Amino acid sequence: MAIVWAQNPIRIEGHSMTEPDVALLKPSADFYSEARPTPQDVLLLVEVADSSVARDKTAKAPLYAEAGVPELWIVNLVENVVEVYADPVGGAYRKVSKAKSGDMLAVPIGSDTVVSVSEALG
6 MAIVWAQNPI RIEGHSMTEP DVALLKPSAD FYSEARPTPQ DVLLLVEVAD
56 SSVARDKTAK APLYAEAGVP ELWIVNLVEN VVEVYADPVG GAYRKVSKAK
106 SGDMLAVPIG SDTVVSVSEA LG
């Protein structure tokens, strides 16, 4: 179970709030109405990128890794792939992979939920 948080801010200490395209958040009784979610509340962040691919890779990914966001997907519309960043350590993701059309990605919500990369790319 997760809360889908679309184009809403995530509070990252020491930085202004970022607004990923989609966040999957841990369940919260108040649905985050009393306080904005923090990286500790995040299961997955998704950034959809065409003209912002470079910024998402060089600015946002390190920021999310440093904050401890466990997994980031960049839906890279330029290369027609979904880039998966996982296992943040010391401001960088140790695991980086690319999934292409026809692949399936496991959604990190503690179940067998998968997403078709073809559908994510549109």
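According to the numbering used here, the residues represented by the sequence shown are 6 to 127, in order.
Cβ coordinates follow ideal geometry from the N, Cα and C atoms, glycine included.
The structure presented is a predicted model; accordingly, all values stated were derived computationally and were not measured.
Take the Cβ of residue 61 as the centre, count every other Cβ of all protein chains shown within 10 Å, and call the residue buried at 16 or more, exposed below. The residue labelled residue 61 in the question sits at position 56 within the sequence shown. So residue 61 ends up on the buried side.
Give the list of continuous beta strand (DSSP E) stretches no shorter than 3 residues that lie fully inside the stretch 40 to 98. 47 to 54, 76 to 81 and 86 to 94
Residue 122 - DSSP class collapsed to helix/strand/coil: The residue given as residue 122 occupies position 117 in the sequence shown. Correct three-state label for residue 122: helix.
Where does residue 9 sit, in a helix, a strand or coil, going by DSSP? On the sequence shown, position 4 is the one that residue 9 refers to. Strand, per DSSP.
Inter-residue spacing [alpha-carbon to alpha-carbon] between residue 111 and residue 84: Working through the sequence shown from its first residue, we reach residue 111 at position 106. Working through the sequence shown from its first residue, we reach residue 84 at position 79. C-alpha separation (whole angstroms): 21 Å.
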